[in-house]
Structure formats: structure tokens, C-alpha cells
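Please read the structure below before turning to the comments.
Protein chains: 2
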Amino acid sequence: MRLTPEPTTLGVVGGGQLCRMLAEAASPLGIEVVFTDPTPDAPASAVSRDQIVGGFDDPDALARLADRADFLTYDIELADPDVVEEAADEAGVPVHPNPDTLRTIQDKYVQKEALVDEGVPVPDYRAVETRDELADAADELGLPLMLKAREGGYDGRGNFAVETRDDFDEALDALEGPMMAEKFVDYDRELSVIAAQGDGETAFYPTTETIHREEILRRTVSPARTDASTRRRAHEVARDVLETMDGRGVYGIEMFEKDGEILVNEIAPRPHNSGHWTIEGARVSQFEQHARAVVGAPLGSTELRAPTVSVNILGEDGERDVSLAGVGDLLASDARLHWYGKREERPLRKMGHLTLVGEDGGDTDELLREADEIHDELRFEE
Amino acid sequence: MRLTPEPTTLGVVGGGQLCRMLAEAASPLGIEVVFTDPTPDAPASAVSRDQIVGGFDDPDALARLADRADFLTYDIELADPDVVEEAADEAGVPVHPNPDTLRTIQDKYVQKEALVDEGVPVPDYRAVETRDELADAADELGLPLMLKAREGGYDGRGNFAVETRDDFDEALDALEGPMMAEKFVDYDRELSVIAAQGDGETAFYPTTETIHREEILRRTVSPARTDASTRRRAHEVARDVLETMDGRGVYGIEMFEKDGEILVNEIAPRPHNSGHWTIEGARVSQFEQHARAVVGAPLGSTELRAPTVSVNILGEDGERDVSLAGVGDLLASDARLHWYGKREERPLRKMGHLTLVGEDGGDTDELLREADEIHDELRFEE
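Residue numbers (my numbering), protein chains in the order written: chain H, 748 to 1129; chain P, 748 to 1129.
This is the structure in C-alpha cells:
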């Protein structure tokens, strides 16, 4: 890698909080961000060279993005891989991860098939299109099970927990398009490994424990409060997962832990909410890591600095003129704020997060309690 | 402090590397940066909401800046305090630090007088306008002495080391406007304290050792390799210095250490090169601290995470089409890169810096050697 007076430009499809934090982290490397997003003044706009207003599948917007970029990447896996690929080919610009990886990941069934091919352990699953197929799946996998739309879901949208046969109709009504039934895992813990695939090298962050409610990530604890052998096993599985992923970049790998076994839940081909803690808690953050990987620079250290927890700040009532109060208390504490600059609050929308780094060798239970207390002082008010 | 969908905008006079790193650090707080700078595509432009192209004394540019800002601050003390003050008053926007502080600091003689009034120890000094006054100053202060232009100097520009009486003519020719003669301090060490003045509170980073060559800062070592009582004394002096400074913000206080005594050399009313190490080495960086202070939010922790050194990456030959090679080795090491995105390399121009954080309780001599080795692999090539 060489640094020149002319900066390296990263073209990013999507300008949400991931792109915003990517831009914050890329700047010290001399890497600038230009991005496309349909929403004007998207979160990343405050810290990027430029926003091209346009949809994730808008050929014109993506062509303009590719023209300005030295490398293309995504902050959202809902980008249209065909359109991205064509824009990149036309401009002769590399895309990372590969659009094929996006295609694999976008269809949860295809994603699972690819993982199974590589020997990655996943919960049992079946493709489902009809009521009869759902009934068969229930016979084979047992109830309860998770019915998932194969495409387009995120943060629990597109998932339906089927408890009994009486739920079949409601579940089939709720989801659109082809579906997948997945054996319900009564997990002991949910885990995540943020993995980076660079130019001929890989790197893995310490295994993180993720705590969801209503299928939305609420809190992370790093390192995960499980035994060292399980954390190592999670890394082995993450290594196998990367074998199925084509292209450089950071991948967020969500897992279930059950009786010391690891099952892969889902993969995001991008920096992930479960890795936000790395900004303060690791030597090099997942965002800088993603920038390094995509441009083909050496990967940085994933070493934990000290135990770290993060808590998401979610929207509440969706009023337009609210503000977040209690921020002073947060800033006066040892926690660190990351506010995403979204122009509108909506219920359960990710508006920001806070991170609390403890002392080396400190107690993560206590750290989490402390972070929760700080978080509980925050409130949206008119 | 409240966070609203409408972001807080920091208007910054000057868009160099300090503004760039300020913008990187302000973003997580939900604070956006707009700045004025006469050079298009100034370093901060890549990570700011907007650049207003205009000089530091351009009333029109500063009026437009004030109109868009919730708070005004500087990345450079060469801003015209009268023009800034008028623009701020007109728009009803607070400025931090106060323009009066800028006036005091811009004239090195007035700065020294203000410090002496507060009982802050400084090297002996005399105002000098003529050859006779310089001769008198040499009699009183001894030779060698430092002759300094009272206004406009930085990075050693505007300073002349007068060794003997034969240097008088050359020194008087080299400097413009009113001058100041300062007793030459044969210091044991140069130190710096980054101090923050918030809303009714102050905070001080661990005392840093600064290593200059040709009067340009080359390296910093934190904590300074001096005894604990001297580091504490530096903090006491910094506390007194803040008493003379009106307005919130971060101040860089440069000092000489001689036989355990502290003498203040110069003060910068802004984040300072000797505090760049705080990005990785302290809990909250000087840049986030400055943003917090200016908007009146609580100050953050100045705690050292581990011993940290920084090395400046300076321009060499000033060719236009050079690039910096050896960056891959830097990124593959434990050092962290900060590249400022300047469009032109010039001899001794600050192009970037690297930071190396060691282990808690580790050896700073060894850390500095390691950082030097990484730095020595960097080279500008055509």
C-alpha cells in the first residue's frame, strides 16, 4: 500500500450507521468514503466526501458511485448484486465482498446450503413454500420451529416463531416469498465472531456474547461469558465459514451455543452490530479492519484491550420531535457514546450505542450491570 | 446535553489535520463539522459536512460559517479574532475559546505577560524592537538567547537562535514586526500537558515528553520519562495556565523541564500535536475532549490506557507526485496510522503521524525504539 496526495476512495452501497462508522475509521488511513443511499442526509453523510442519492438497486447511482471509487463495498446486504456487479465491471473497480457472496447470503436457504457444504454446523432446516411443506417440516424438525422468509429480513423482520400447528396460517400469511423452516434451538447463549478476510490472511476478534430481545440485538459482552474451549470452537467454526465467503472484508458470524456445541445462525458480509464494541475494546476496530481488508492492506490486531460491553440505544415511540435526554450522565460516566445521526426516531430503530470498557481481568457481569444503569438513564422526550 | 434528530454543528476556523481529527472524533457524539479554509479540499473536507472556502480573516466566509454553526472554534490560532468575534456576535453563536484568549496567545509577549500575572513560571524575556534593545536584552538575559517574532510564527518559523552578538543583524533581518527576546533554556527535557477547560470543570492528560528537531515536533512519549513529582508539577502549572485562558476547549501547554523546575514555553488554544497520542493512548482523545468542551458537554476521562509514543511523518523533498511507501509494514505492525490527506507534500510538512501503544507498565524506551524503526521504513518515493 502506498499513500499518495490523491486519496483512495471507498465507494459504499448504503450510508447508514455502519457506513458512518466505517468513514470515521477509514479517514486515518487516508481513505475517503463516497456512498449511495436513497435517504438524503443519511447517517454517513456527515463524515463522507459525498453522498450520491439513489437506491441500492439504482443502476445510475451505482454507476456514478463506481466511477468515483477505487474499491466498492456495502454497508447493507440488501444491495442488488447484479447491479453492483455490472457497475463495477463497467468501471473496472473491484468489489469486496464478491457479489456472489452477497447472492449466497441474501437467500438464507442458499446460505445454509453453502455452509453445510463446507461442513459448518447449522440448525436443521428445510425449504418451505406451501402449507403441506411446512407441516412436513414440523414433523421432521419438531415444534416450535422458526419460519423465515428466505430473502429480505433483518432485525427479526421476516422471521416467525411457529409454536404449534395452529400458527401455520398466521405464519404463512406473515411472510412473503419462498421460506425456510429452521429447527428451534433452545440455546444456552448466542455468540458472534467478527472475522476479517484480507489479502491472503484472516483475523478473528475475541468471541462475543450477544443478547437479543424481540430478535433485536440489545447488548454484547466481550469476551463471551462461556468457557475458553467454546470460545475457541467458535473461532474454528468462523474459520470454516470464511472458506465459503468469496472476497475480502469483515464478516459478522452469528452463532448459537448449546451444550458446548456451536451452530451457525446467520452471516452478514459486512461489519456487524455485534462488533461495535471493537471501536474501543480492540486494538483495531472492525470498521478500520473492513477498510484495510477491502483495499488489500494488511489486517490489524484483533486483540482485546480489556473486557467490553455495548448496549444499543433503540428508538421508542417514533415521535418526530423527540430528543434523547440523559446524554450528559452518559458522557460523564466511563461509557462512550456513538450516535448515528438519524433524522427520524422510530420504535426499535437503532439510533446509537454505548460502549463500556472495563479493567483488564475485570468482571464482565458487573460491567454489564454498570452499562445497563447508564443506558437506563437515557430517555426519549418531547 | 440532548441529542436531537437535528445535529449539533461545530463551525471550525481552519480545516487542517486538527479539524480532520476533530471531525472524526466529534461524529460519535452526534456533532457535525463545517469549516472554513482557503485551500479547497483541505484535510478536514473528507470527513466534514461542508467546507466553506475562504481565508481565516474573510468576514464573508466567517459570517457564513457562523450562520451554520451552533458553536464556533478554531483549528488554528492564526484566525483573526476580530473577524471571528464579529461573525459570532452577528449570528449569536458562542465561540470557544474566547477571541480574547486568541488575542492574548497570538502575541507571544502578551501571552508571557498574562502568564506571569498569574504566577506561571516562564523563561526570562524582554520586548525587542531595535538593535539596541536586542543588545540590552543580551546583556540582561545572556547569550545564547531566542529571538522570536511576537506574532505569526509556528513550527519554529519566526524563531531565531542568537548565539553571539555577530548574529544580531541576521536575526533582526530574519524576523518581521515586533519581537521578543527569551532567555535560552538549556532544558533537561521538553514536556507538554494537554489541558481541557469544560463547563465548570477541568481535566488534564498525563504529562507528555516532546522531542523536537529543527524546532519541529518529531516524537512524543507518554507518560514523560521524568520523575512523578515533575509530572505532577507540570499539572500544577497547567492548572494555573488555564486560569489565564478564557473559554472552553482543549489547550496544548508546552513546557521546559530544567532541574525539576517547570517553565512554560508556549500555549496553543486548541488540540495540539503533542496530544495526538491520546487517540489510542487515553480513554477519551483530545479531539473528542475538545468537542465535548466547546459544546458544554461533560469532559471525558483523560486516563492513560498504556504507555504510548507517537512519531510525526514529515514531508521530505516536496515533489508533487510522490507517494509514501512502506505503509504496509506500518499497518502490519502494532502501530496505528493517521494520514492527514494533504494534497501536496512539502519539506518538513506534517503529513501524518503514527502511534504505538505498549503494554501497561511496559518500557517506554523500548516502545520508542520500536516506533522509530517502523517510522524509518517509511519513505516518500516518486
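Positions of the beta carbon are idealized from the N, C-alpha and C atoms, including for glycine.
Which same chain residues, not among the five before or five after residue i, have their C-beta less than 7 Å away from its C-beta?
{"i": "V1011/P", "result": "L862, V867, P868, V869, V984, V988, I1000, M1002"}
{"i": "D1081/H", "result": "L1103"}
{"i": "L765/P", "result": "D822, R1017, P1018"}
{"i": "E1117/P", "result": "L1103"}
For residue i, which residues from the same chain have a beta carbon less than 6 Å from its beta carbon, with the 5 sequence-adjacent residues on both sides left out?
{"i": "L812/H", "result": "G758, T783, I799"}
{"i": "R1096/H", "result": "G1062"}
{"i": "V840/P", "result": "A813, A816, L819"}
{"i": "K855/P", "result": "K895, R897, M927"}
{"i": "P754/P", "result": "G777, E779"}
{"i": "L881/H", "result": "V875, F915"}
{"i": "G1043/P", "result": "D946"}
{"i": "G763/H", "result": "P790, D822"}
{"i": "A950/P", "result": "A943, L1046, T1049"}
{"i": "D1076/P", "result": "E1124"}
{"i": "E948/P", "result": "L1046"}
{"i": "A835/P", "result": "A813, L819, V842"}
{"i": "A1057/H", "result": "It is worth fixing the name first, because residue 1057/H is Ser in this sequence and not Ala. If we look at S1057/H and ignore the five residues flanking it on each side, its Cβ neighbours are T967, H1023, W1024, H1100, T1102."}
Whose C-alpha, out of the options, is nearest the C-alpha of residue i?
{"i": "D864/P", "options": "E1035/P, V1069/P, M992/P, E923/P", "result": "M992/P"}
{"i": "L1051/P", "options": "R1030/P, L1071/P, R1039/P", "result": "R1030/P"}
{"i": "T954/H", "options": "V780/H, E948/H, G839/H, S969/H", "result": "S969/H"}
{"i": "R707/P", "options": "D1112/P, S1070/P, H1122/P, D974/P", "result": "Residue 707/P lies beyond the residue range present for chain P, which begins at 748 and ends at 1129; the question has no answer from this structure."}
{"i": "D822/P", "options": "E956/P, L938/P, Q1033/P", "result": "Q1033/P"}
{"i": "L944/P", "options": "M926/P, E923/P, P844/P, I1009/P", "result": "With the sequence shown as reference, residue 944/P is identified as Gln, and Leu is not the correct amino acid for it. Looking at the Cα atoms, P844/P is the closest of the given residues."}
{"i": "K930/P", "options": "M893/P, D883/P, R960/P", "result": "M893/P"}
{"i": "T957/P", "options": "T851/P, A1072/P, H1023/P", "result": "H1023/P"}
{"i": "R912/H", "options": "R878/H, Q1036/H, P925/H, L1046/H", "result": "R878/H"}
{"i": "V781/P", "options": "V909/P, I1060/P, A1038/P", "result": "A1038/P"}
{"i": "I1009/H", "options": "A770/H, T973/H, C766/H, H1100/H", "result": "T973/H"}
{"i": "T848/H", "options": "G1109/H, L1078/H, G994/H, R960/H", "result": "G994/H"}
Looking at the unbroken beta strand (DSSP E) that takes in residue i, where does it start and where does it end?
{"i": "H1085/P", "result": "1083 to 1086"}
{"i": "Y856/H", "result": "Premise fails: Y856/H lies in the alpha helix (DSSP H), 855 to 864, not in any beta strand (DSSP E)."}
{"i": "R960/P", "result": "955 to 960"}
{"i": "R966/P", "result": "963 to 969"}
{"i": "V760/P", "result": "755 to 760"}
{"i": "T783/H", "result": "778 to 784"}
{"i": "L819/P", "result": "818 to 821"}
{"i": "R1126/P", "result": "1126 to 1128"}
{"i": "A826/P", "result": "Run containing A826/P: none; DSSP gives neither H nor E here."}
{"i": "A950/H", "result": "949 to 951"}
{"i": "D797/P", "result": "797 to 800"}
{"i": "A908/H", "result": "906 to 909"}
So what does residue i bridge to, in DSSP terms?
{"i": "M1002/P", "result": "L938/P, V1011/P"}
{"i": "R873/H", "result": "A928/H"}
{"i": "A896/P", "result": "M926/P"}
{"i": "S1057/H", "result": "T967/H, T1102/H"}
{"i": "K1097/P", "result": "L1061/P"}
{"i": "D943/H", "result": "What sits at residue 943/H in the sequence shown is Ala, not Asp. Bridge partners of A943/H: A950/H, V997/H."}
Does the beta carbon of residue i come closer than 8 Å to any beta carbon on chain P?
{"i": "P754/H", "result": "yes"}
{"i": "K855/H", "result": "no"}
{"i": "K1097/H", "result": "no"}
{"i": "R1126/H", "result": "no"}
{"i": "G762/H", "result": "no"}
{"i": "R1052/H", "result": "yes"}
{"i": "E1092/H", "result": "yes"}
{"i": "R767/H", "result": "yes"}
{"i": "H843/H", "result": "no"}
{"i": "W1024/H", "result": "no"}
{"i": "D1132/H", "result": "Look at the range of chain H in this structure, 748 to 1129, and you will see that residue 1132/H is not part of it."}
Less than 8 Å between CB atoms is the rule here; does residue i satisfy it with respect to chain H?
{"i": "D1064/P", "result": "no"}
{"i": "D784/P", "result": "no"}
{"i": "H1019/P", "result": "no"}
{"i": "A882/P", "result": "no"}
{"i": "A1038/P", "result": "no"}
{"i": "S969/P", "result": "no"}
So the alpha helix (DSSP H) residue i belongs to, where does it begin and stop?
{"i": "L812/P", "result": "806 to 815"}
{"i": "R978/P", "result": "975 to 990"}
{"i": "A921/H", "result": "915 to 921"}
{"i": "F1034/H", "result": "1033 to 1042"}
{"i": "V1074/H", "result": "1074 to 1079"}
{"i": "T1111/P", "result": "1111 to 1123"}
{"i": "A770/P", "result": "764 to 773"}
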